[in-house]
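Quick note, the numbering used here runs 9 ahead of the 1-based positions in the sequence shown.
We treat Cβ as the ideally placed atom computed from N, Cα and C, and that holds for glycine.
Taking it in order: structure first as structure tokens, then the write-up.
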Amino acid sequence: MELKTAGSGMNLPEIGGSELNRFDVQSLAAAYRNKQLSPVEITQAALARATEIQGSLNPFTFLDPENALATARSAERRWAKGEPLSPIDGIPTTLKDIVHVQGWTVRYGSRTTDPAPMHRDAPSVARLRKAGAVFIGQTTTPEFGWKAVTDSPAFGVTRNPWNPTRTPGGSSGGAAVAAACGAGVLHLGTDGGGSIRIPSSFTGIVGHKPTYGRVAAHPLSSFGTVAHIGPMTRTVADAVAMLEVVSGRDLRDWTQPPIRYPKLNVSRLDWKGKRIGYWKEPCVGYVEPAVAAAIEGVVNDLEEAGAIVAEIRLPEQETLLELFYAHWYVGAANRLASIDPEKWSTLDPGFLNAASAGQGYTGVERMAAEIRRARFGAAMDALLAQHDFIISPTVPVLPFEAGHDTPPGGDLQSWVSWSSFSFPINLSQQPASTVPCGLTEDGLPIGMQIIGARGEDSDVLSAALSYEEMYPHRFLSCNRAKQPSNREKGEWQ
Numbered sequence: 010m011e012l013k014t015a016g017s018g019m020n021l022p023e024i025g026g027s028e029l030n031r032f033d034v035q036s037l038a039a040a041y042r043n044k045q046l047s048p049v050e051i052t053q054a055a056l057a058r059a060t061e062i063q064g065s066l067n068p069f070t071f072l073d074p075e076n077a078l079a080t081a082r083s084a085e086r087r088w089a090k091g092e093p094l095s096p097i098d099g100i101p102t103t104l105k106d107i108v109h110v111q112g113w114t115v116r117y118g119s120r121t122t123d124p125a126p127m128h129r130d131a132p133s134v135a136r137l138r139k140a141g142a143v144f145i146g147q148t149t150t151p152e153f154g155w156k157a158v159t160d161s162p163a164f165g166v167t168r169n170p171w172n173p174t175r176t177p178g179g180s181s182g183g184a185a186v187a188a189a190c191g192a193g194v195l196h197l198g199t200d201g202g203g204s205i206r207i208p209s210s211f212t213g214i215v216g217h218k219p220t221y222g223r224v225a226a227h228p229l230s231s232f233g234t235v236a237h238i239g240p241m242t243r244t245v246a247d248a249v250a251m252l253e254v255v256s257g258r259d260l261r262d263w264t265q266p267p268i269r270y271p272k273l274n275v276s277r278l279d280w281k282g283k284r285i286g287y288w289k290e291p292c293v294g295y296v297e298p299a300v301a302a303a304i305e306g307v308v309n310d311l312e313e314a315g316a317i318v319a320e321i322r323l324p325e326q327e328t329l330l331e332l333f334y335a336h337w338y339v340g341a342a343n344r345l346a347s348i349d350p351e352k353w354s355t356l357d358p359g360f361l362n363a364a365s366a367g368q369g370y371t372g373v374e375r376m377a378a379e380i381r382r383a384r385f386g387a388a389m390d391a392l393l394a395q396h397d398f399i400i401s402p403t404v405p406v407l408p409f410e411a412g413h414d415t416p417p418g419g420d421l422q423s424w425v426s427w428s429s430f431s432f433p434i435n436l437s438q439q440p441a442s443t444v445p446c447g448l449t450e451d452g453l454p455i456g457m458q459i460i461g462a463r464g465e466d467s468d469v470l471s472a473a474l475s476y477e478e479m480y481p482h483r484f485l486s487c488n489r490a491k492q493p494s495n496r497e498k499g500e501w502q
């Protein structure tokens, strides 16, 4: 397939008629400060865009216009006084239907969960709220976030804005669609096996899975410490701004290390002399030719920029699929144990099958898997001590037909088998970003993954930012709005 960039004549996902859906955090903060734009009108534009795309793409479980506009009015008053809570004060934000939000019903994409509103925010949500983020709505997920596409018994099928017959991936598929279409600026996702990175790749946006523990997780996922929480945005700078806010310790999350992660320090880097491991072959499955061609093109350009690139394989690569199953399937069984058996008939059959497989693992087998995971994680730490970064395809396949868990007509047996560039990094807990690296001739996005050492989120995001500066037309940010002209003084106070 011929590869094109977003700036080479391909149509981007339709943003809608309003320029107000195109701004990034930095532009909005400047416009708010200068009274060129109001958080209220930006929130109204985000809500209008969300309503516009909901019928055809289904990225939201619900919208909350009343509370969103009330929050935006408060932000407007703060900016008018020159006293914003943070750079993201008044920025439209979405939250995945997995993280707890005070006053919202959180259903995990399931008809089996309690419809009562939550009494307390998750730590990441509380930090966003404290910073003044405007929560416009909740985004779709497959049931309990168990798979890498987004459809659920409770909320139906979510579709890809580049081609609505295709999946946006998952499990943070609703967040990815909202981001790609401009229905909000910041989007909170979760990632237990690729659930931020896969849909970000499939929809042409930026997604970052932080080092495990940088963002507090409470309540802890049923899938345990393979599950991370992080940002999904249209630009790298927006991902940095969001991650800075949601990072930090929370005593409710015992799995966090008792340390303070350093403040993010993201800047342009020089590729000259950088040691890059090129992870070319997946643990299982195959790489589609268009994906391979896109990544090879980036590798060549990085080498021309002075990077030292060498092909690598992950430690014990052939064993990682079964190792992940031992964690993921048991996690599904753990979740199933909390559900009334009388409701099991309403569950996604795929989730029920995964949980049933998890019930077959013995305690000894599960403990052995933890020991193998520790060995793999240590080997990955050692590998990243030898390389500044590892790069790979984010997903080895292209977005396929919506409503299917695997590409139709192929021999891949589960979503994990076509996600094998992502799930190993959940086992080892390194930070990983995905950035768009081109479009196929029929307009489907391709993503590249950048992996760094544990704790080095700043380095990974610096690499992503530098890549974005090298290839701005591969990013939806190339379609951002122009800075607004000055308003008449006193239009809003």
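Rounded to whole angstroms, the Cβ separation of Val-186 and Leu-474 is 24 Å, and the two are not in contact under 8 Å.
If you look at Val-215, you'll find it in the beta strand (DSSP E) that goes 215-218. Asp-397 sits buried, since 16 or more C-beta atoms from the chains shown fall within 10 Å of its C-beta. In the DSSP assignment, Leu-356 falls outside any alpha helix (DSSP H) and carries neither an H nor an E. When DSSP reads this structure, Asn-169 sits in a beta bridge with Asn-172. Within the same chain, Cβ atoms closer than 8 Å to the Cβ of Met-127 are found at His-109, Val-110, Gln-111, Gly-112, Trp-113, Thr-114, Val-115, the five residues on either side in sequence being excluded. Each residue's CA atom was taken as its position, placing Cys-292 and Pro-101 some 38 Å apart.
Residue burial annotation: Arg-129 is exposed, with fewer than 16 other C-beta atoms found within 10 angstroms of its C-beta.
DSSP assignment within the segment 115-178 yields the following whole beta strand (DSSP E) runs of 3 residues or more, N-terminal first: 143-148. By alpha-carbon distance to Leu-66, the top candidate from Ala-84, Asn-169, Ala-79, Ala-157 is Asn-169. Looking at the DSSP output, Trp-288 sits in a beta bridge with Ile-321. By the neighbour-count definition (other C-beta atoms within 10 Å, threshold 16), Glu-297 is a buried residue. A distance of 7 Å or more separates the beta carbons of Val-307 and Val-318.
The residue among Ile-321, Tyr-295, Val-444 with its C-alpha nearest the C-alpha of Leu-421 is Tyr-295. The secondary-structure analysis by DSSP pairs Gly-239 across a beta bridge with Gly-198. With respect to the 7 Å criterion, Thr-70 and Thr-149 are classified as neighbours on the basis of their beta carbons. Within its own chain, the residues whose Cβ lies closer than 8 Å to the Cβ of Lys-281, once the five positions on either side in sequence are excluded, are Ala-314, Gly-315, Ala-316, listed in chain order. When beta bridges are read from the DSSP output, Thr-102 appears opposite Phe-144, Leu-195. A straight-line Cα-Cα distance of about 22 Å links Thr-264 and Ser-467. Pro-454: member of the beta strand (DSSP E) spanning 454-460, first to last residue. Taking one beta carbon from each stretch, the segment 254-264 and the segment 208-227 have 3 or more pairs nearer than 8 Å; the two touch. By the beta-carbon neighbour count (other beta carbons within 10 angstroms, threshold 16), Gln-439 is buried.
By the Cβ criterion, the segment 74-89 is not in contact with the segment 167-184, since fewer than three pairs of Cβ atoms, one from each stretch, lie closer than 8 Å.
For Phe-398, the uninterrupted beta strand (DSSP E) run begins and ends at 398-402, by DSSP. Leu-361 and Glu-351 have their alpha carbons spaced roughly 13 Å apart. A direct Cα-to-Cα measurement between Val-373 and Ile-380 gives close to 11 Å. Secondary structure at Gly-315: coil, using DSSP grouped into helix, strand and coil.
A Cβ-Cβ separation of about 15 Å leaves Leu-72 out of contact with Ala-142 under the 8 Å criterion. Going by C-alpha positions, Ala-411 is about 8 Å away from Thr-167.
The beta-carbon separation of Val-406 and Trp-424, rounded to 11 Å, does not stay under the 8 Å limit for a contact. Per DSSP, the unbroken alpha helix (DSSP H) holding Pro-48 starts and ends at 48-66.
Pairing Ala-79 with Val-49 gives a Cβ-Cβ distance that is not under 7 Å. With respect to the 7 Å criterion, Ile-214 and Gly-154 are not classified as neighbours on the basis of their beta carbons. Between the C-alpha atoms of Tyr-338 and Ser-429 there is a straight-line separation of about 16 Å.
Note on Ile-145: 16 or more other CB atoms within 10 angstroms of its CB, so buried under the neighbour-count rule. Taking His-336 as the centre and dropping the five residues before and after it, the same chain places the C-beta of Phe-232, Gly-233, Val-235, Ala-378, Arg-382, Leu-436 closer than 8 Å to its C-beta, in chain order.
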